[in-house]
Every structure is written in C-alpha cells, then in structure tokens.
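K.L.:
Shown below is the structure under consideration.
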Amino acid sequence: HAHLTGISGLQPHEILFLLDEAEQWIEVNRNRSGSDHRLDGLTQINAFFENSTRTLLSFEIAGKRLGADVVNMHAAQSSVKKGETLIDTAVTLNAMRADVIVIRHMSSGAVQLIADKVDCPVLNAGDGSHEHPTQALLDALTIRRRRGTIAHQRVVICGDILHSRVARSNILALTALAAEVRVVAPSTLMPAAIAKMGITPFTDFDAALEGADVVMMLRLQNERMSGAYIPSTREYHLNYGLTLERLKRAKPDALIMHPGPMNRGVEIDSNVADLPGRSAITEQVEMGVAVRMACLDVLTRRSRKVEGWA
Ligand code: CP
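Taken in order, the sequence shown gives residues 709 to 1018; the numbers are from this note's numbering.
Shown next as structure tokens:
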C-alpha cells in the first residue's frame, strides 16, 4: 500500500498533485455542497497517542465528508495504558480490517513501524520530532492561495526548529517547491544538520525577517526538551517573539502563519496573530480539512481500484 509517512520521499509533482486535489474540497467544505461518498463502506481509524485538536478533528471531518466510517482511538482510554506495545496495537487495528489508519505518536519513526505491520494505507498525523506531512501540505496550500505561488517566496520559519516536525516537513515541502526558506532559532534549538538541507540558518530574527513574504511562527516544544536548554518565556519573547514592531522588517503584505497551538505573548503577540488581512492562521485550519480529504481519497485509490496517485 501507498502510505504518507512524510514529505521526504515525495517528488515535487506528487506534492503539487495533492495540493491540486485539495483545491476541489475547499468549496465543498465551505458550502456543504456536492456531498461525496467515495469512501462509503471504508473504515478509517484515527489512532492518536498524543494530544491534538486541529489534526484529529480535521481528519475526522475529512473522512466523514467523504463517507467513511470514522473511529477514533484515544490512547489515554486505550489498552496502551495497560502496557500494550505499539506493534501489538498495530496488529489489533489491522485485525479489525481498517481500510486506512491515521496515526499521531510521540516517537519519531512510530508511524513507519505501524505502516510496515498493517494491510492498509497509513497516514502520519505527526510522529515525535520527525514529520507532520499533512501540516506541510496545508501550509503550502495556504501560501499558494494567498501569495499566488510558492516558488521564490521568502519563507521565514522561526522557533524550536530542533524539535519541530512541522518545521522539518515544511522545509522539505517548501524547498521542493523552490521557495527560499530561512530558519531562525536560538543556537541551542537549531539542528546541526540544517545546512545540509540547503537552507540558511539564522540566530538573529530581525536579520532573517528582512524582505520576508511569509513568516511562520512555531511553539516551543517543551514536552520534547528533556535536559535541553529551555529559554524563559520573557527571554524568548524578547529575542524571538513576533511583535508588530518586528513584523515591519518583513514585506508590507507578508503573510503571518502559525500551525497552532499558539502560546500568545510568547512566540507571537495577539495583535499579530489576529492582524486582519495578514494573519492566515484560521485559514490554515480550514485548508487542513481540504488537504486531509485529498490525502484520504488519493491514498485509498489503490484499494478502491481507482486510478490516479501521481
Ligand atoms: N497543528 C497541529 O498539529 O495542531 P494539533 O496538535 O492541535 O493537531
């Protein structure tokens, strides 16, 4: 089966194919028009071993809009709490004849491990600090719609780059689509291998913001910082918080993005997050449903004997 474990491994034309497929679902979702039953009779299991608001709900809405029977497994209420291993959980989901499985897990690589054990497509809804491919796709779709193109856009990604699966998937997707990506972080939160990804690392946020078309802010992933340096929120806001004053360094029409959940007053000020005409944060959430509809449709085409995965 085809899986979506990451942006890594996707060709630029495959990324664009998924974005183009997502376009058709935006209006359907907005107007509740053109109900679609292409996933009728299929069982979609969302297995979330880590908290989520946006990703879980939008995968659930996306599956339901396409007619799938959607079942959510919350790890906190599951037998994972009784010591069941990830592999045994995967084998159990498989035995229930799931047709597609969506997984979020706190460990990098957990999704691939499950993909190797089951007989249906697996979609990564975020695994540790590895990848969050549907987030990168919805971000790319938002940029393309708001800026007209992705190629040659200067996209500044600021925050905890070291622990962020959102940063990693976005770097892969945006560079594949020829954007100019700049990453900004305190040196302790910048991965050593960043230069190998073909992008420019900055520790000075003000310098990185010059001429930006898109400013994407990330949360400090405190839950992944075992023993690492954790900046105080005051210190962090002073150097890496997006304020109205700092935003002036970007282009006058630069797009403001955040994958959520936001920590207002830490990485982003409220008056920036809510800036009319400039903030795309709620639009990102909306694009999430369309992108996940596209991914569920495309990834199940082979088992539905439908042509068309690029
Ligand atoms: N952006 C994102 O993944 O949000 P959730 O953790 O709420 O799903």
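Ideal Cβ positions, reconstructed from N, Cα and C, are used throughout, including at glycine.
Quick caveat, the model's predicted, so the values are computed rather than measured.
In this structure, does DSSP put residue 813 in helix, strand or coil?
P.N.:
Correct three-state label for residue 813: strand.
K.L.:
For ligand 1, list every residue whose C-beta falls under 7 Å from any of its heavy atoms, going in chain order.
P.N.:
Taken from the N-terminal end onward, the list reads 759, 760, 761, 762, 763, 764, 834, 840, 843, 874, 967, 968, 969.
K.L.:
Who are the Cβ neighbours of residue 1013 in its own chain at under 6 Å, not counting the five residues just before and after it?
P.N.:
Hits under 6 Å: none found.
K.L.:
Reducing DSSP to helix, strand and coil, say where residue 728 ends up.
P.N.:
The answer is helix: DSSP assigns residue 728 an H, G or I state.
K.L.:
Which partner residues does residue 779 have in the DSSP bridge list?
P.N.:
753.
K.L.:
How big is the Cα-Cα spacing for residue 748 and residue 861?
P.N.:
So the two alpha carbons sit approximately 39 Å from each other.
K.L.:
Can you give me the start and stop residues for the alpha helix (DSSP H) that residue 878 sits inside?
P.N.:
Segment 873-884, the alpha helix (DSSP H) holding residue 878.
K.L.:
Quick check: residue 969 and residue 761, are their CB atoms within less than 9 Å of each other?
P.N.:
Yes, Cβ-Cβ distance for residue 969 and residue 761 is below 9 Å.
K.L.:
Would the stretch 947-963 and the stretch 918-930 be scored as touching if the rule is three or more Cβ pairs under 8 Å?
P.N.:
Short answer: they touch.
K.L.:
So is residue 995 buried or exposed if we call it buried at 16+ other beta carbons inside 10 Å?
P.N.:
By the 10 Å Cβ count, residue 995 comes out buried.
K.L.:
Do residue 729 and residue 1006 count as a contact pair if the criterion is CB distance below 9 Å?
P.N.:
Yes, they are a contact pair.
K.L.:
Straight-line CA distance for residue 976 to residue 914?
P.N.:
Straight-line Cα distance between these residues: approximately 14 Å.
K.L.:
Span of the alpha helix (DSSP H) holding residue 819?
P.N.:
Here the alpha helix (DSSP H) through residue 819 covers 818-823.
K.L.:
Using a Cβ distance threshold of 8 Å, determine whether the stretch 752-767 contacts the stretch 863-872, with at least three qualifying pairs required.
P.N.:
Because the criterion of three Cβ pairs below 8 Å is not met, the stretch 752-767 and the stretch 863-872 do not touch.
K.L.:
Taking DSSP as the reference, what is the three-state secondary structure of residue 969?
P.N.:
Coil, per DSSP.
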